[in-house]
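Taken in order, these protein sequences are the chains called Z and S. My numbering puts the first residue of the first sequence at 18, with every later residue one more than the last. My numbering puts the first residue of the second sequence at 18, with every later residue one more than the last. No residue lacks a Cβ here, since even glycine has one placed at the ideal position from N, Cα and C.
There are 2 protein chains.
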Amino acid sequence: MNNLSALFQPKAIAVVGASGDPSRIGGRPIAYCQRFGFQGTIYPVNPTRDTVQGLPAYPDIDSLPGQADLFVLAIPAAQVPAALERAAAKGARVAVVFSSGFGEVGEAGRQLQAEIDRVVEKTGVRVLGPNTLGIFSNASGIAPTFTTFLEEVKPAQGNLAIVSQSGAYGAHIAMLACKRGIGLNHFVATGNESDISVADCIRHFAGDPTVGVIACYSEGIKDGRAFLEALLAARAAGKPVVLIKVGRSAVGQQAAQSHTASVAGDDVVFDAAIRFAGAERVHTTQAFIDLLYTLSRRPPLGGRRLGVLTMSGGAGVLMADAASDHGLELTPLPEDARAWLDERIPFGSAVNPVDTTAQAVNDMNLVRDALRVMLERGGHDAVVSFFMNWPDNPSIGPALKQAIAEGITGFDDRTVAIAINAGDAVKRDFDKAGMLVFEDPSFAVDALAASARIGERLREPAPQLQALQPAGDDASLAGLDEAETAERMRRAGIPMSALEVAGDADAAAAAADRLGYPVALKILSPDVLHKSDVGGIALNLQDAEAVRQAARRVLDTVARDCPDADLRGLLVAPMAADGTDLILGGRIDPVFGPVVVCGLGGVFVELFNDVAIEIAPVSEDRALAMLRRLKAWPILDGARGRTRADVQAAAAAIAAFSRFIAGHADRLSQAEINPLRVLPEGRGVVGLDGLILAGDGTA
Amino acid sequence: MNNLSALFQPKAIAVVGASGDPSRIGGRPIAYCQRFGFQGTIYPVNPTRDTVQGLPAYPDIDSLPGQADLFVLAIPAAQVPAALERAAAKGARVAVVFSSGFGEVGEAGRQLQAEIDRVVEKTGVRVLGPNTLGIFSNASGIAPTFTTFLEEVKPAQGNLAIVSQSGAYGAHIAMLACKRGIGLNHFVATGNESDISVADCIRHFAGDPTVGVIACYSEGIKDGRAFLEALLAARAAGKPVVLIKVGRSAVGQQAAQSHTASVAGDDVVFDAAIRFAGAERVHTTQAFIDLLYTLSRRPPLGGRRLGVLTMSGGAGVLMADAASDHGLELTPLPEDARAWLDERIPFGSAVNPVDTTAQAVNDMNLVRDALRVMLERGGHDAVVSFFMNWPDNPSIGPALKQAIAEGITGFDDRTVAIAINAGDAVKRDFDKAGMLVFEDPSFAVDALAASARIGERLREPAPQLQALQPAGDDASLAGLDEAETAERMRRAGIPMSALEVAGDADAAAAAADRLGYPVALKILSPDVLHKSDVGGIALNLQDAEAVRQAARRVLDTVARDCPDADLRGLLVAPMAADGTDLILGGRIDPVFGPVVVCGLGGVFVELFNDVAIEIAPVSEDRALAMLRRLKAWPILDGARGRTRADVQAAAAAIAAFSRFIAGHADRLSQAEINPLRVLPEGRGVVGLDGLILAGDGTA
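This is the structure we're talking about:
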């Protein structure tokens with residue numbers, strides 16, 4: 018039994034602050050529950066009335082004649098904590114708190130919200146909100162919500178579940194979905210998320226057999242790992258999750274923070290997390306609705322083969338362009354099928370796009386036959402077509418509908434979408450005849466492409482979200498110098514350059530003798546950051562005498578120019594062989610925890626932002642996939658006569674580094690290996706320099 | 018008087034192949050011309066009827082009782098050339114040829130179309146089509162077209178002119194525009210463009226004072242220079258041109274070619290050409306209509322400062338993200354204005370986005386006042402707002418409309434857009450109250466951003482499309498070797514490395530003595546392409562003896578390994594100083610003519626496709642702008658402690674190279690300088706190697 022069952026299937030609902038006016042905030046939940054057929058008991062609580070909307074009312078919570086497992090609180094914020102306690106005593110398992118004036122309005126509100134947290138902890142009552150628009154669950158008519166969208170539309174039953182942090186935007190989406198003819202199952206607005214989060218709801222939907230598609234609107238995730246676990250649960254259940262997360266831009270993030278108490282987080286990390294968990298992100302309302310519609314009607318596409326059927330060459334090319342943008346394949350029809358079509362449409366085209374030209378107006382069988390040939394012989398996973406405003410035309414619309422319906426009969430495993438400009442009733446008619454209906458041909462292709470991506474992801478083996486087990490040692494990572502850092506990295510399994518610390522010139526020469534020539538020298542000091550700028554580095558020293566001279570010069574120069582620096586001696590390291598330099602970075606994202614980033618050193622990261630980012634830890638396979646995602650991958654891969662780098666060793670190092678980050682998530686804020694030199698294939702990698710910033714942000 | 022005046026303002030229209038049935042191809046032009054109030058004479062030509070749709074009909078062209086300046090030909094393709102000749106004798110200045118079966122259907126059709134060309138040349142009659150849907154000109158009711166969209170909608174008068182190569186898609190756009198409430202001025206489908214092209218129509222619109230906004234749909238431009246000249250004419254007239262050109266992708270280009278006789282051309286060059294001419298390209302029907310609507314209602318935005326007003330924080334962030342994607346600035350309100358608003362909306366936000374929260378439902382003055390403050394104090398060029406489905410709600414819709422109308426009063430120089438979900442009548446109501454109305458908040462921002470871009474471009478000084486004057490010399494560019502190529506480039510004003518050709522080792526040493534050491538040697542042979550692979554290169558030779566030895570080695574090695582190669586001796590060149598390498602490329606695009614491309618050498622071009630492309634020739638200023646557009650620009654610019662390269666000299670070399678390309682457009686297909694070494698600032702550039710492929714494609 019899922020812990021949110023009282024929210025989605027309460028036996029009795031008490032409405033505290035109940036109103037006799039069904040258009041008031043305290044009145045709507047009662048009106049809606051009655052209208053949508055809620056079968057349980059409803060207890061209005063109102064100190065001044067005997068009945069509310071035809072139901073017996075009670076002056077306060079304590080006076081309720083029976084238990085209620087769901088309480089609606091539509092009362093001033095200050096009264097909420099006490100009411101929650103009284104509700105707990107009357108059987109409450111969950112409370113839907115409409116009241117605003119909490120975390121979203123400054124310090125006093127935050128303190129009041131903390132009071133709610135204390136009651137939750139003490140009583141075990143779960144809280145939706147505060148500052149929530151509430152919840153609507155269609156099958157059982159549970160509607161403790163004051164949204165107005167339920168006045169505008171009567172949602173059909175269906176498989177779509179919506180969870181939204183924003184009540185207003187979530188309700189807007191729900192209304193658009195209903196108007197589009199998508200059957201709505203659940204709608205939940207999570208508001209301030211003092212307890213029940215978007216992740217909790219997604220996890221519930223994953224386990225609810227009546228849910229087929231999950232829509233999520235988020236402004237900011239607080240617990241990224243819980244969010245990912247919820248997405249993975251949906252993925253394991255084979256349910257597509259489509260989400261819109263605002264706050265992509267810096268301005269948007271600021272706005273998101275002024276709007277709720279959420280942290281918008283780093284959007285790049287969010288994208289990496291979403292990709293990891295297999296969810297699909299959209300950026301506009303239109304794309305959101307188009308994709309939800311597609312997934313609510315048809316399973317995700319089985320592949321990327323798209324057929325395009327058009328009556329206007331122009332629109333055909335338009336759809337072909339859109340398909341190409343998304344990497345869909347316009348697989349051509351086989352020769353004989355093409356020849357057959359060519360004979361039917363001498364002025365058209367039988368390749369793909371198949372163009373019947375306006376000739377189809379006079380002979381709708383063309384549409385039927387073209388569709389059938391494409392589905393039968395073209396092996397297209399989906400066919401998209403553009404019929405302009407024909408469906409609205411009373412003399413050709415019905416014939417067109419019949420032609421399409423006949424053409425697609427027997428191909429239930431495929432998806433056929435049409436783009437038309439027509440009235441709502443006509444669109445619904447065509448939809449009912451078994452095809453997906455869109456307005457804009459490009460958007461139809463967008464939605465099919467998203468469906469294909471989702472299908473691919475759901476067919477892939479799901480990744481594991483590894484638990485964050487602290488590494489065996491619990492030593493602090495604060496204040497490590499280069500030598501100590503390298504030692505930590507080495508123990509974590511990352512091949513680091515050999516390195517010795519020498520106190521003076523003679524010790525440096527002795528170290529160089531042990532390490533082998535040529536060597537490099539570097540001043541060892543936590544206070545000298547840009548070592549080459551102050552003459553703190555000497556490279557390519559060929560013998561002991563050269564090391565001695567360079568060591569004296571480096572020590573003298575730095576001592577003279579940085580009189581206040583804490584000089585701890587010299588680092589001596591063998592010069593590394595030539596190779597390709599990677600940068601590895603790791604950090605603890607405030608939302609999603611440890612992440613690992615890699616890219617080619619130098620301008621590739623700096624100017625082209627050519628990096629791959631993943632939730633840490635990653636396996637060697639995923640690390641290799643990161644490298645392959647880089648645009649600069651051919652440089653590693655030995656393209657165009659280059660030497661192939663030891664990418665397998667690089668992947669192993671990235672994986673080890675990512676485990677180090679994840680294993681020390683409690684103790685570090687950032688770590689870096691820069692550069693990790695990747696030698697030619699078979700010769701491994703070597704980290705030349707490392708940096709660890711401890712959890713409190715100091716080196 | 019523009020040469021298309023007979024097309025847009027005929028005095029008399031003859032319809033050859035006239036039908037008494039107003040729904041037939043030969044019937045519609047007559048019915049439409051009557052319905053839309055054409056004041057001139059209409060002459061139906063029909064061999065079997067005395068009257069057609071109430072008008073006296075004539076058996077053939079010769080029998081017409083008077084002259085007609087516009088002829089419609091709705092007759093079989095084979096009869097068209099002869100009919101054109103007869104029409105010319107009866108005063109035809111332009112013919113609208115509906116007939117299909119020409120260039121779009123293979124060789125026989127192409128020959129028939131060539132017959133039309135001959136008649137055009139002989140008689141001077143201009144031809145629209147063949148295979149055209151025709152033309153509609155709203156103000157004077159000229160409607161020689163068989164489009165069906167005029168049955169669906171009655172276009173309002175307005176400032177939008179549409180020209181489309183595809184009749185079907187063009188009519189679809191026209192219909193959507195009319196449904197959106199955009200006033201339609203002209204609609205022209207150019208069909209096969211045997212004579213009158215999209216460019217001709219744009220040029221006409223540029224000079225037509227009743228046209229304010231030009232919409233263009235293209236599948237492929239045949240004469241790129243004429244197209245650019247037309248766009249520049251529109252730009253000079255201050256008229257925005259919005260265009261959709263399909264065939265972006267390889268598959269799309271194939272489809273475009275199977276659809277019409279057009280060449281889709283290189284899409285990257287097309288984008289460069291569009292940018293040059295200041296037009297705005299869109300990629301979806303939705304974006305097309307949204308932008309046409311915006312520009313038909315309001316002048317292009319005066320700047321990029323956007324105010325966002327929202328009732329739902331979520332939608333506010335969504336719009337802020339979209340604005341950020343486009344580089345719009347969400348400038349904050351000044352402190353005092355913010356304080357004033359903060360007091361009014363304690364739970365909302367007064368920054369930007371301004372979020373009134375749903376509180377506005379109870380107090381619509383909030384919307385009015387917020388709008389006014391934003392326009393008055395925020396200095397926003399545009400304000401965009403999201404009101405969900407409120408306008409549809411009879412209890413708040415009218416109040417909302419009034420509040421907005423009052424809020425924007427007095428700010429006619431600014432643009433206010435709202436996104437709403439509402440019925441068409443309600444949307445029209447709000448539109449009439451002075452604001453732009455959209456469905457999707459993201460799309461509203463997209464359209465405003467496009468308007469801002471267009472505004473910026475129209476305020477910039479227009480570039481000159483330079484005439485392609487052949488260079489003074491008329492020598493062939495075929496078969497040039499490196500030394501000859503370098504000499505040509507040098508004469509064109511590009512600093513090329515000094516270079517001597519030596520026949521043997523002693524001559525090479527003598528040349529090196531003259532050039533100064535160190536030098537490089539390179540085998541000179543048109544047959545050896547990858548010179549370093551066959552030992553054909555020796556670098557960094559310090560004295561005469563080293564040159565002699567290397568020369569013998571190179572000559573012997575290449576002679577041994579490439580026995581069939583035509584060995585013409587050795588190139589001797591001084592080693593170039595260190596610098597940053599550019600690649601310059603030029604080619605003659607089949608559509609737009611000479612173009613020039615530049616990028617940083619090596620992986621930047623190869624992996625990141627980091628190139629800038631322009632119509633040639635370019636000025637030094639435009640060349641510098643090309644360099645600045647490169648992502649790798651900071652490498653040239655001396656960022657992060659790098660040495661700044663001599664970018665001014667590089668720009669001068671690019672400009673000179675582009676003049677060379679343009680000046681030899683009649684004789685070359687491609688040219689390249691790779692690398693052009695850019696030395697540190699003040700020290701100039703030097704081209705180390707050049708290549709010219711002559712016009713027939715041979716080196």
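DSSP, reduced to helix, strand and coil, places F403(Z) within a strand of the structure shown. Of all residues in the stretch 170-196 of chain S, the ones placed with a Cβ closer than 9 Å to any Cβ belonging to chain Z are S181, Q182, S183, G184, A185, Y186, G187, A188, H189, M192, L193, K196, in chain order. Proximity to L599(S) across R565(S), L653(S), D638(S) peaks at L653(S), based on C-alpha coordinates. For V368(S), the closest alpha carbon among the candidates R361(S), R355(S), A375(S), N379(S) is that of R355(S). Each residue's CA atom was taken as its position, placing G175(Z) and F244(Z) some 25 Å apart. The residue from D372(Z), E297(Z), Q26(Z) with its alpha-carbon nearest to that of V334(Z) is D372(Z). L167(S) counts as buried, since no fewer than 16 other beta carbons sit within 10 angstroms of its beta carbon. Under DSSP, P697(Z) forms a beta bridge with A662(Z). Contacts with chain S (Cβ-Cβ distance below 7 Å) from the stretch 231-265 of chain Z involve Y234, E236, V263, G264, R265, listed in chain order.
Contacts with chain Z at 8 Å (Cβ-Cβ) do not include F287(S). In terms of Cβ geometry, V180(S) and V205(S) form a close pair [threshold 8 Å]. Taken through DSSP and simplified to helix, strand or coil, Y60(S) comes out as strand. Looking at the DSSP output, Q687(Z) shares a beta bridge with R604(Z), L710(Z).
Within chain S, the residues placing a beta-carbon under 9 Å from that of H300(Z) are L335, D338, A339, D342, S459, ordered along the chain. Shortest Cα-Cα distance from A216(S) to any of D225(S), T227(S), K239(S) involves K239(S).
Residue contact check for G151(S) against chain Z: no CB pair falls below 8 Å.
At a cut-off of 8 Å, the C-beta of N438(Z) has a neighbouring C-beta in chain S. Around the beta-carbon of D560(S), fewer than 16 other beta-carbon atoms lie within 10 Å, marking it exposed. Below the 8 Å Cβ cutoff, chain Z contributes F364 as neighbours of E121(S), in chain order. For R143(S), the enclosing beta strand (DSSP E) has its first and last residue at 143-145. Under the three-state reduction of DSSP, E631(S) is assigned to strand. Beta-bridge annotation (DSSP): C615(S) is paired with L601(S), A629(S).
Residue-level contact by beta carbon holds for F625(Z) and chain S, with a gap shorter than 8 Å. Assignment of P591(S) by DSSP, reduced to helix, strand and coil, places it in the strand class.
Under a criterion of Cβ atoms nearer than 9 Å, the residues of chain S adjacent to M328(Z) are, in order, A185. Given a length threshold of 4 residues, the stretch 303-334 of chain Z has no whole run of the alpha helix (DSSP H) inside it. DSSP places T432(S) in the uninterrupted beta strand (DSSP E) bounded by 432-436. Between V384(S) and I413(S), the CB-CB gap reaches or exceeds 8 Å.
Burial state of D581(Z) is exposed, judged by a 10 Å Cβ sphere holding fewer than 16 other Cβ atoms.
Going by C-alpha positions, V400(Z) is about 31 Å away from A339(S). Counting C-beta atoms within 10 angstroms of its own C-beta, H189(S) has 16 or more neighbours from the protein chains shown and is therefore classed as buried. A contact between stretches requires three or more CB pairs, one per stretch, nearer than 8 Å, and the stretch 305-313 of chain S meets this requirement with the stretch 455-472 of chain S. Closest in alpha carbon position to G198(Z), among E352(Z), G224(Z), S211(Z), V454(Z), is V454(Z). Annotation: G603(S) to N202(Z) spans about 60 Å, alpha carbon to alpha carbon.
Identification of chain Z residues near K418(S) by a Cβ-Cβ cut-off of 7 Å yields none; the smallest Cβ-Cβ distance measures about 18 Å. Around the CB of D521(Z), fewer than 16 other CB atoms lie within 10 Å, so the residue is classed as exposed.
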